[in-house]
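Going by numbering that gives the first Met the number 0, the sequence shown opens with residue 0, and the numbers climb by one from there. Read through the structure below, which is laid out as structure tokens, and then see the notes.
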Amino acid sequence: MDRSRVADVKALGNSHTTILGHPTGRLLLRREPYAVDLRAILEAAARAGVYVDRLDRALARSR
């Protein structure tokens, strides 16, 4: 997992974090998603009770 994704997982442990937006980093028509361990990010978010923005096609395919 690259540094920015490690930072995302660490941020999920912050009690002030309530939502994680665009966990794959994809920007429509501008940037492809990052190669991330989406399962690890989603599991960390679930453990922390953090809502994950689902408006990302990569998340829809991860079901």
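Beta carbons: idealized from backbone N, C-alpha and C, even for Gly. All values derive from a computational prediction rather than experimental measurement.
Enclosing alpha helix (DSSP H) for A34 [first to last residue]: Run containing A34: none; DSSP gives neither H nor E here.
Simplified DSSP state of V49, which is helix, strand or coil: coil
Give me the Cα-Cα distance between S14 and G48, rounded to the nearest whole angstrom. 10 angstroms
Given L11 as reference, the closest of L37, R53, R46 once Cα atoms are compared: R46
Helix, strand or coil: how does DSSP classify L41 here? helix
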